[in-house]
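Trainee: Input: one structure, supplied below.
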Amino acid sequence: QRPGLLLLNGVVYIGFSSHCDWGPYHGWLLGYDATTLQQKFVYNDTPDGYNGGIWMAGTAPAADDAGNIYFAVGNGSVGVGNDPSNKRNRSESVIRLNPANSSEPVEDFFTPDNFPDLEAADLDLGTSGVMVIPGAGRTVTGCKDGNLYLLDQNNLGGYHANANQAVQTINLGAYANMHAQFTYYGGTQNEFCYFWPENTALKAIPFNRATGRFDDQNTITSGIQGPVGQTGAMMSVSS
Numbered sequence: 003q004r005p006g007l008l009l010l011n012g013v014v015y016i017g018f019s020s021h022c023d024w025g026p027y028h029g030w031l032l033g034y035d036a037t038t039l040q041q042k043f044v045y046n047d048t049p050d051g052y053n054g055g056i057w058m059a060g061t062a063p064a065a066d067d068a069g070n071i072y073f074a075v076g077n078g079s080v081g082v083g084n085d086p087s088n089k090r091n092r093s094e095s096v097i098r099l100n101p102a103n104s105s106e107p108v109e110d111f112f113t114p115d116n117f118p119d120l121e122a123a124d125l126d127l128g129t130s131g132v133m134v135i136p137g138a139g140r141t142v143t144g145c146k147d148g149n150l151y152l153l154d155q156n157n158l159g160g161y162h163a164n165a166n167q168a169v170q171t172i173n174l175g176a177y178a179n180m181h182a183q184f185t186y187y188g189g190t191q192n193e194f195c196y197f198w199p200e201n202t203a204l205k206a207i208p209f210n211r212a213t214g215r216f217d218d219q220n221t222i223t224s225g226i227q228g229p230v231g232q233t234g235a236m237m238s239v240s241s
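Going by the numbering used here, the first residue of the sequence shown is number 3, and it counts up by one from there.
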């Protein structure tokens, strides 16, 4: 049980991956009444397939004001048969899930166009959390191949074999394995998303609310090298 807990509308949501990545397993998101502990919600992200662990470097699932839940899924089955766009079996994906619709909870998703290569090389999506940038209609996540994906919260982008439909892609380099969490600071003049994966320096990436994109050309990079090995920094931002 890797991710943190999400308390949303009186329900505690708990994400599961696997023990030491040993198969067979599935990724699960379970919801329990915060007062009675009665089970309220069950979602299996690979019901017809394999794996699909919800890892996210310990980050809890995110939520928006409408009650949707956002999380990322690691290695495993994608789609059904020859249809990688099927909403069942959504490994290697960022998912927007509506827990109020228990029969068809997946409302939207994003899967990188190179997911077969990510799967084959163990460079899966899902090792960092999914952060909702407050009031901007944007989410951001990271992939083991060094890519940050800025996504439209209302249209995550689905799967397209020839070109990703992400709002923006920023590559932090092959050594940024993305076992880390995002943090956000919204000041009176500037906004930043902070990220510090292993083997890289801490970065403060400006977010331009007018364009809905990162101003990555003005990223501030710390002079101090980050953690080495396979866990990045877990940060918080004070008031």
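Each residue gets a CB set at the ideal place from its N, CA and C atoms; glycine is no exception.
Keep in mind it's a predicted model, so treat the numbers as computed, not measured.
State yes or no: is the C-beta of Leu152 within less than 9 Å of the C-beta of Val142?
Mentor: The Cβ atoms of Leu152 and Val142 lie closer than 9 Å to each other.
Trainee: Can you give me the Cβ contacts of Thr37 inside the same chain, cut-off strictly under 8 Å, excluding the 5 residues immediately before and after it?
Mentor: Gly12
Trainee: Within 10 Å of its beta-carbon, does Cys195 have 16 or more other beta-carbons around it, so buried, or fewer, so exposed?
Mentor: buried
Trainee: Is it the case that the stretch 116–133 contacts the stretch 64–79, given that we only count it when at least three CB pairs across the two stretches are under 8 Å?
Mentor: These segments touch.
Trainee: For Asn149, collect the residues of the same chain with a Cβ closer than 6 Å to its Cβ; drop the 5 residues on either side in sequence, then sort them by chain order.
Mentor: Thr171, Asn173
Trainee: Which residue marks the beginning of the beta strand (DSSP E) containing Asp147, and which one marks its end?
Mentor: Segment: none, Asp147 is in no beta strand (DSSP E) and carries neither H nor E.
Trainee: Tell me whether Ser104 is buried or exposed, calling it buried when 16 or more other Cβ atoms sit within 10 Å of its Cβ.
Mentor: exposed
Trainee: For Cys22, count neighbouring Cβ atoms within 10 angstroms of its own Cβ and tell me buried if that reaches 16, exposed if not.
Mentor: exposed
Trainee: Is the beta carbon of Gly225 sitting closer than 9 Å to the one on Ala178?
Mentor: In this structure, Ala178 does not lie closer than 9 Å to Gly225 by Cβ.
Trainee: Mark Met237 as exposed unless 16 or more other C-beta atoms lie within 10 angstroms of its C-beta, in which case mark it buried.
Mentor: exposed
Trainee: Since Ile272 sits in a beta bridge, which residues does DSSP pair it with?
Mentor: A question about residue 272 goes unanswered here, because the residues of the chain that appear run from 3 up to 241.
Trainee: Using 9 Å as the threshold, is the C-beta distance between Ala165 and Gly214 below it?
Mentor: no
Trainee: Using 10 angstroms around the beta-carbon of Thr242, count the other beta-carbons present and answer buried if the total reaches 16, otherwise exposed.
Mentor: As shown, the chain starts at 3 and ends at 241. That puts residue 242 outside it, with no answer to give.
Trainee: Find the nearest neighbour of Trp198 within the set Thr190, Phe111, Pro229, judged by alpha-carbon distance.
Mentor: Pro229
Trainee: Classify Asn91: buried if its beta carbon has 16 or more other beta carbons within 10 angstroms, exposed otherwise.
Mentor: buried
Trainee: Can you tell me the Cβ-Cβ gap for Thr202 and Gly175, rounded? I've got them flagged as a contact below 8 Å.
Mentor: 7 Å
Trainee: Measuring CA to CA, which of Ile135, Phe112, Arg140 is closest to Gly128?
Mentor: Phe112
Trainee: Should Asn53 and Asn100 be called a contact, given that it needs their Cβ atoms to be closer than 9 Å?
Mentor: no
Trainee: Under three-state DSSP, which class holds Met237?
Mentor: Note: Met237 maps to coil in three-state DSSP.
Trainee: Have a look at Ser20 and Glu193 and give me their C-alpha separation to the nearest angstrom.
Mentor: Each residue's alpha carbon lies about 36 Å from the other.
Trainee: Considering only their Cβ atoms, is the gap separating Gly234 from Gln183 smaller than 9 Å?
Mentor: yes
Trainee: Could you check the C-alpha separation between Met180 and Met58 for me, to the nearest Å?
Mentor: 9 Å
Trainee: Is Gly33 closer than 9 Å to Ile16 when the C-beta atoms are compared?
Mentor: Yes, they are a contact pair.
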